[in-house]
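Chains A and C, in that order, are what the protein sequence lines are.
Counting in the numbering used here, the first sequence runs from 1 upward without gaps.
Counting in the numbering used here, the second sequence runs from 1001 upward without gaps.
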Amino acid sequence: MYNEMIREALRADFEREVGIAAEEFSLDHKFSRRHLRQMKRLFALSEENSAEKRGRHIPLKKAVVIAIIAVLLTAILTGASMLIYKLWDNYRIRDLDLYSLLEITDIENAPTTLEQRYELGIDLSGYKRKVHIDECFEFMAEYTNEKEKKHLVFEQNTKDVYQNVFLNTEDAIVPPVEVEINGYKGLFFESKYEDMVYIMDIDNYMFEIAGGGFTREELAEIVKTIRKTEK
Amino acid sequence: MLSFYLQMVETPEEKSLVEFLYTEYRQLMFKIAMSVLHNEYEAEDAVHEAFVRIIKNISKFHEYSCQENRAYAVIVVKGIALNMKNKQKDSEEYLDDIPDSHCTEEEIEVKITCEEIMANISALSPALKNTAYLYFAEQLTPAEISEMLDIKIDTVYQRIHRARAILLGGEKGNGNV
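Structure below.
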């Protein structure tokens, strides 16, 4: 008898609390890119065997040592100041507690909308395409090939949208390193969830290409195919 | 650990269910987490962690109606948010050494009304309330609650016992459990 009363009382209280929370935060939240990436990872790879998709990787400790040596050598050879996190031009990475922050400061002359759209130039037959974001300043599409257990995320952003973005580098398998592809500067890292990520500055837009089930070299080849869409 | 959980979603139906739950309840779960954490970044993390937990228990979600799925999603994310908040305060996440209450349902005075039970709910700590809701309102077994909230089963028994005692007026809550 009391359990019945307790049940009704708790249910009423539950609905009251949910109502209060809904009222307190009445506007729907726009989830961050970081969160969307985490959730995409959770869903897209939920059927994969992580042992099968593990590719070659450099142990973290070795990668950190290599990165530090590279920075020190660069600083010594160029006489540059010892800004360990400085990347190319006005790009900088700052390590925070759990994540890194990519800072971009040269956004003044960059487009504020996606005046020119880009796409991947690889054969995507066999992939299921899902567009997550399609705004005038931000585009994100996911491509999943369940048969080959591969997935790709392609993002195009304006620089002002991307200017301070968190990178999921906590316990990264490969910490962020500067790269150059097709003459464009960018960075690469491999997250602890085995996502390979290229972030490229192409024609004053920021592109992020993340992949699972690819080697770093394969993903770099995919990055090379980024091209303008026909209007 | 994440890849271990991911392997537990075995069928396309379960995968669809997880995605449905996310689409349907993420905003509500975020708001619940925000009401506890008051930090968007942490609230998003709580939602993410909640779905890791949901995936781990996805077979249970299969069996339940939409209303129950909603309740579980809310309870799970609230529990995670409370844990995150407690960790920030450097307080113990769970007090396993809850003093045994000598009150049983049979020993508590019989005369109590529904309104009095409603009033006594305010004396439950959030952690007690979460466990009590899953046990009394959704009628999960202690083992299921233990998995859902990722707490020891002994803690579940203690909380049920304590919550019942507080709700039926036999004991005062101290807000710590």
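Think of the CB as a built atom: it goes at the ideal place given N, C-alpha and C, for glycine as much as any other residue.
Scanning chain A for C-beta atoms nearer than 9 Å to the C-beta of methionine 1034 of chain C yields Ala21, Glu24, Phe25, His29, reported in chain order. Secondary structure of glutamine 116 of chain A (DSSP, three-state): coil. Alanine 210 of chain A is bridged by DSSP to A:Val153, A:Val197.
Beta-bridge annotation (DSSP): leucine 187 of chain A is paired with A:Glu178, A:Ile199.
Around leucine 1168 of chain C, the beta-carbon contacts reaching into chain A at under 7 Å are Tyr2. For serine 32 of chain A, the closest alpha carbon among the candidates C:Glu1044, C:Ala1033, C:Leu1028, C:Tyr1025 is that of C:Glu1044. Membership of tyrosine 143 of chain A in the beta strand (DSSP E) is indicated by the continuous run 138 to 145. Under DSSP, arginine 227 of chain A forms a beta bridge with A:Glu119. Using a CB distance below 7 Å, the part of the segment 1128 to 1143 of chain C facing chain A consists of Ala1132, Tyr1133, Phe1136, Ala1137, ordered along the chain.
Rounded to the nearest angstrom, the gap between the Cα atoms of phenylalanine 137 of chain A and methionine 5 of chain A is 53 Å. In the three-state reduction of the DSSP assignment, lysine 130 of chain A falls in the strand class.
Judged by DSSP secondary structure, serine 1016 of chain C falls within the alpha helix (DSSP H) whose first and last residues are 1012 to 1037.
In terms of Cα proximity to arginine 37 of chain A, the closest of A:Thr229, A:Ala141, A:Glu24 is A:Ala141.
In the three-state scheme derived from DSSP, where H, G and I count as helix and E and B as strand, threonine 158 of chain A is classed as strand. Inclusion of lysine 192 of chain A and alanine 210 of chain A in the CB contact set at 8 Å is not warranted, their separation being larger than that value.
Put simply, the backbone Cα of lysine 1085 of chain C is about 44 Å away from that of isoleucine 181 of chain A.
For tyrosine 1133 of chain C, there is no enclosing alpha helix (DSSP H), as DSSP marks it with neither H nor E.
Contacts between glutamate 1024 of chain C and chain A, judged by CB atoms closer than 8 Å, are missing: the closest CB pair is about 13 Å apart. Contacts with chain C (Cβ-Cβ distance below 9 Å) from the segment 6 to 20 of chain A involve Ile6, Arg7, Glu8, Ala9, Leu10, Arg11, Ala12, Asp13, Phe14, Glu17, Val18, Ile20, listed in chain order. Against chain A, a Cβ distance below 7 Å from cysteine 1114 of chain C picks out Met5, Glu8, Ala9.
Within 10 angstroms of the beta-carbon of glutamate 155 of chain A lie 16 or more other beta-carbons, which makes it buried. With fewer than 16 other CB atoms across the displayed protein chains lying within 10 angstroms of its CB, asparagine 109 of chain A is exposed. Rounded to whole angstroms, the gap between the alpha carbons of tyrosine 1133 of chain C and leucine 1037 of chain C is 21 Å. Valine 223 of chain A sits buried, since 16 or more C-beta atoms from the chains shown fall within 10 Å of its C-beta. When Cβ-Cβ separations below 8 Å define contact, leucine 1149 of chain C makes no contact with chain A. The C-beta distance from tyrosine 198 of chain A to glycine 186 of chain A rounds to 6 Å, short enough to fall under 8 Å. Of A:Ile20, A:Ile107, A:Lys150, A:Leu10, the smallest CA-CA separation from leucine 219 of chain A is found for A:Lys150. Counting the other Cβ atoms within 10 Å of the Cβ of glycine 19 of chain A gives fewer than 16, which makes it exposed. Interface criterion met: the Cβ of leucine 1028 of chain C is under 8 Å from a Cβ in chain A. Taking all protein chains in view, the Cβ of lysine 128 of chain A is surrounded by fewer than 16 other Cβ atoms within 10 Å, so the residue is classified as exposed. For the options C:Arg1026, C:Glu1049, C:Ser1122, C:Asn1057, the alpha carbon positioned closest to that of arginine 16 of chain A is the one of C:Ser1122. At a Cβ-Cβ threshold of 8 Å, alanine 1073 of chain C and phenylalanine 14 of chain A do not count as neighbours. Cβ atoms of leucine 1082 of chain C and alanine 1127 of chain C come within 8 Å of each other, at about 6 Å. At a cut-off of 8 Å between beta-carbon atoms, histidine 1161 of chain C makes no contact with chain A.
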